[in-house]
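Quick notes on the structure that follows.
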Amino acid sequence: MSLKIVDSQSHATGHKRNPGFPLDLDWVERVRMNRSALERRAGTIGARRSVKKDHQLAWLLKAVSLMDLTTLNSDDTQGRVERLCAKARNPIRADLVEAMGVKKLGITPAAVCVYHNFVATAVKALEGTNIPVAAVSTAFPHGLTPLKIRLAEIEASVEDGAKEIDIVIERGMVLSGDWQGLYDQVRAMRAACGEAHIKTILGTGELATLTNVAKASLVCMLAGADFIKTSTGKEKTNATLPTSLAMVRMIRWFHEQTGIEIGYKPAGGISKAKDALTYMALMREELGRNWLEPHLFRFGASSLLTDIERQIEHGITGHYAADYRFAMA
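Take the sequence shown: its position 248, counted from the start at 1, is 237 in the numbering used here, and no numbers get skipped.
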């Protein structure tokens, strides 16, 4: 299975943003997910993928371009964010880039993702690049402050220069079946984002069933979400392949019904290159090659880049290097 590498900044040509649609409760109630069937299908994805040698290097480079390079720690500082942005400017060691002959591609992560307090810092540190800043807003990670405060936080992040907003939904609305309430909140958040793209974090590990995950995905897409995202990375259970299958199949169904392409972002626990390749294979098999571009697929990642660099060096030299040789924030 081959994968062409393209300039990571030329991905969105002709892409139509999700305008949002009226809430269709009949459609929501028709949604059902068979967990055992999804788990069986998930078990075939990694086993069937075969990406070797130069093709694997191409997939690893593509994975870098699909990454939201992230720091969301309680001890984040301005200096850490600045170091993360420096890494985003040059995500792969210069000697490895030269050895592969890919310097002209200008490969960078899809975005840098930080708390609202560090948006202005990241925007300044990334000045002169095409790398957008994504902010986690709306009382991340639980989303349980009053709505007017969450909307104000979105507006403040946009004002500080964030081009993407990762919002969190109230999980209780899903568990109680309050689809109208969820729709209304996401619709209001979409409006507060303005031109900034909105990624809706479902907190899938706290939604009890895959049918709930699928229904929440649909409601968020109807409300105007540009992306649906699994997790904050702070839940006990984050991104999994069965959950991802439930969500991407809702994306496929939504596209069939509306003609609108919605992005997908698995986040939390994806720290190994082999896992990234498996998720990329899932997207290619379920949604097609078109979804392997930054405007339709992202990884929420902090430590993933280090392992990808190690695998790239191994592909070039035949040897693994220690993690400390790869600078991160």
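Glycine included, every Cβ here is placed at the ideal spot set by N, Cα and C. Keep in mind it's a predicted model, so treat the numbers as computed, not measured.
*residue 163 and residue 12 closer than 8 angstroms at C-beta*: Stepping through the sequence shown from its first residue, residue 163 is reached at position 174. Stepping through the sequence shown from its first residue, residue 12 is reached at position 23. Between residue 163 and residue 12, the gap from beta carbon to beta carbon reaches 8 angstroms or more.
*Only counting runs of 3 or more residues, tell me where the beta strand (DSSP E) segments fall wholly within the segment 93 to 160, in order along the chain.*
Counting whole runs of 3 or more residues, the segment 93 to 160 contains the beta strand (DSSP E) stretches 100 to 104, 122 to 125, 153 to 157.
*asked:* Tell me the residue span of the alpha helix (DSSP H) that contains residue 304.
replied: The residue given as residue 304 occupies position 315 in the sequence shown. Where residue 304 is concerned, the enclosing alpha helix (DSSP H) stretches over 293 to 306.
_3-residue-minimum beta strand (DSSP E) runs that sit fully inside the segment 236 to 291, ordered along the chain_ = Correct list: 252 to 254, 288 to 290.
_Secondary structure, beta strand (DSSP E): runs of 3+ residues fully inside the segment -3 to 69_ = Every unbroken stretch of the beta strand (DSSP E) spanning 3 or more residues and falling wholly within the segment -3 to 69 is given here in chain order: 56 to 59.
*N-terminal and C-terminal residue of the alpha helix (DSSP H) that residue 204 is part of*: Walking along the sequence shown from the start, residue 204 turns up at place 215. Run containing residue 204: 199 to 211, per the alpha helix (DSSP H) assignment.
*In chain order, what residues of the same chain lie with their CB nearer than 8 angstroms to the CB of residue 176, ignoring the 5 residues before and after it?*
As a working mapping, residue 176 is identified with position 187 in the sequence shown. Here the set comprises 9, 212, 213.
*Short Cβ contact (8 angstroms threshold) for residue 224 with residue 185*: Here the question's residue 224 lines up with position 235 in the sequence shown. Here the question's residue 185 lines up with position 196 in the sequence shown. No, Cβ-Cβ distance for residue 224 and residue 185 is not below 8 angstroms.
*Residues in its own chain within less than 6 angstroms of residue 198 by CB, not counting five upstream and five downstream?*
Along the sequence shown, read from residue 1 onward, the residue named residue 198 stands at position 209. Close CB contacts of residue 198 within its chain, under the 6 angstroms cut and outside five residues either way in sequence, are absent.
*Between the segment 130 to 138 and the segment 81 to 98, do three or more beta carbon pairs fall short of 8 angstroms?*
Counting C-beta pairs with one atom in each stretch, the segment 130 to 138 and the segment 81 to 98 have fewer than three that are closer than 8 angstroms, which means they do not touch.
*Residues that residue 218 bridges to, as DSSP identifies them*: Residue numbering aside, residue 218 sits at position 229 when the sequence shown is read from its first letter. Answer is 190, 254, bridged to residue 218.
_Buried or exposed by the 16-neighbour rule on C-beta atoms within 10 Å, applied to residue 299_ = Residue numbering aside, residue 299 sits at position 310 when the sequence shown is read from its first letter. Classification of residue 299: buried, given that the 10 Å Cβ count is 16 or more.
*Pairing CB atoms from the segment 79 to 87 with CB atoms from the segment 268 to 279, are three or more of them under 8 angstroms?*
Result no; under three Cβ-Cβ pairs closer than 8 angstroms.
*Indicate whether the contact test is met: 3 or more Cβ pairs, each with one atom in the segment 279 to 287 and one in the segment 241 to 255, closer than 8 angstroms.*
Three or more beta-carbon pairs drawn from the segment 279 to 287 and the segment 241 to 255 are found closer than 8 angstroms, and the two stretches are therefore classed as touching.
*Got a sec, what are the start and stop residues for the alpha helix (DSSP H) residue 175 sits in?*
Numbered from its first residue, the sequence shown carries residue 175 at position 186. Following the DSSP letters along the chain, one finds residue 175 inside the alpha helix (DSSP H) bounded by residues 168 to 182.
*Take residue 222 and list the residues in its own chain whose beta-carbon comes closer than 6 angstroms to its own, dropping the five residues that flank it on each side.*
Your numbering for residue 222 matches position 233 in the sequence shown. Leaving aside the five residues that flank residue 222 on each side, the residues in its chain whose CB is nearer than 6 angstroms to its CB run, in chain order, 256, 257.
*Using alpha carbons as the reference points, say which of 51, 259, 267 lies closest to residue 34.*
For the purposes of this step, residue 34 is taken as residue 45 along the sequence shown, with counting starting at 1. With distances taken between Cα atoms, residue 34 lies closest to 267.
*Does the beta-carbon distance from residue 97 to residue 118 come in below 8 angstroms?*
Stepping through the sequence shown from its first residue, residue 97 is reached at position 108. Stepping through the sequence shown from its first residue, residue 118 is reached at position 129. Yes. Within cutoff.
*asked:* Rounded to the nearest angstrom, what separates residue 236 and residue 36 at their Cα positions?
replied: Working through the sequence shown from its first residue, we reach residue 236 at position 247. Working through the sequence shown from its first residue, we reach residue 36 at position 47. Rounded to whole angstroms, the separation of the alpha carbons of residue 36 and residue 236 is 21 angstroms.
*asked:* Between which residues of its own chain and residue 234 is the CB-CB distance below 8 angstroms, once the five residues before and five after are set aside?
replied: In the sequence shown, counting from the first residue as 1, residue 234 sits at position 245. Within the same chain, residue 234 has close Cβ partners 27, 30, 31, 271, 275.
*What is the DSSP secondary structure of residue 82, counted as helix, strand or coil?*
As a first step, residue 82 must be located in the sequence shown, where it is residue number 93. Look at residue 82 here: in three-state DSSP terms it is coil, with no helix or strand label.
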